[in-house]
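Just so you know, the sequence shown maps onto residues 26 to 216 in the working numbering.
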Amino acid sequence: MDIKSDIFNHGKALFSTKGFKKTNIKEIAQAVGIGVGTFYNYYASKEQLFLEVYIQENESFKKRLMESIDLDQEPVDVIHQLISRNIEAIHTNPILKEWYSRDFYKGLEQYYRNDVSKNMDYFRGFYMELFKKWQVQGKIRADIDDDLLPAFLDSLVYIDMHKDDIGIQHFPKLIQYLAEFIMQGLTNHQK
Numbered sequence: 026m027d028i029k030s031d032i033f034n035h036g037k038a039l040f041s042t043k044g045f046k047k048t049n050i051k052e053i054a055q056a057v058g059i060g061v062g063t064f065y066n067y068y069a070s071k072e073q074l075f076l077e078v079y080i081q082e083n084e085s086f087k088k089r090l091m092e093s094i095d096l097d098q099e100p101v102d103v104i105h106q107l108i109s110r111n112i113e114a115i116h117t118n119p120i121l122k123e124w125y126s127r128d129f130y131k132g133l134e135q136y137y138r139n140d141v142s143k144n145m146d147y148f149r150g151f152y153m154e155l156f157k158k159w160q161v162q163g164k165i166r167a168d169i170d171d172d173l174l175p176a177f178l179d180s181l182v183y184i185d186m187h188k189d190d191i192g193i194q195h196f197p198k199l200i201q202y203l204a205e206f207i208m209q210g211l212t213n214h215q216k
């Protein structure tokens, strides 16, 4: 019996049905068949467990999302679909929905800020490959430096991490519009 995996899996199931706030450690421990004290041998807190669950769920979703998009479409359409499907997942997936929950998103944002280079490398590589392909095909402007291209989409992540400062009620619509404006600017071939 792998207790840590059992805690993770039962915790994920409870978070998925009840949400982060309404799930407690006692319930997770009971579902696994262990005592609360044993839970703490594997996780320091419910927040630590949820963070691991969230990261795994988010990475799994992002990979499935990128594999499901037809990358041969026009750049504006590709980015629109990526953003729209991400927003839809946040609204329909109880785990991913916590990104906009005041109870937990500060901890998630701190993790992504602290580990931004590791977490961004995979997605930055994906976008860079896509942008270079589009440049070669003449679908996006060739006059923009390769180092600057991924910064446009990186900026959306940083803006999202300041949603509370800007006003959480404006998200995710603001991100959708900004992505659209960025892509329209990148596909505008006039200097």
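We put the beta carbon where it would ideally sit given N, CA and C, even for glycine.
Take alanine 114, set aside five residues on each side of it, and the residues of its chain with a beta-carbon closer than 8 Å to its own are Phe86, Leu90 and Leu121, in chain order.
CA-to-CA, the gap between aspartate 185 and tyrosine 202 works out to about 13 Å. Taking 9 Å as the cut-off, the beta carbon of tyrosine 68 is found closer than this to the beta carbon of glutamate 77.
The alpha-carbon of threonine 117 is positioned some 29 Å away from that of phenylalanine 156.
Classified as exposed, tyrosine 65 has fewer than 16 neighbouring CB atoms from the shown chains inside 10 Å of its CB. The alpha carbon of isoleucine 207 has as its nearest neighbour, out of Gly192, His187 and Asp102, the alpha carbon of Asp102. A direct Cα-Cα distance of roughly 23 Å separates leucine 199 from isoleucine 165.
If you ignore the 5 residues before and after lysine 71, its C-beta comes within less than 6 Å of the C-beta of Ile50, all in its own chain and listed in chain order. The DSSP-derived three-state label of glutamine 162 is coil. Here DSSP, grouped into helix, strand and coil, assigns threonine 48 to coil.
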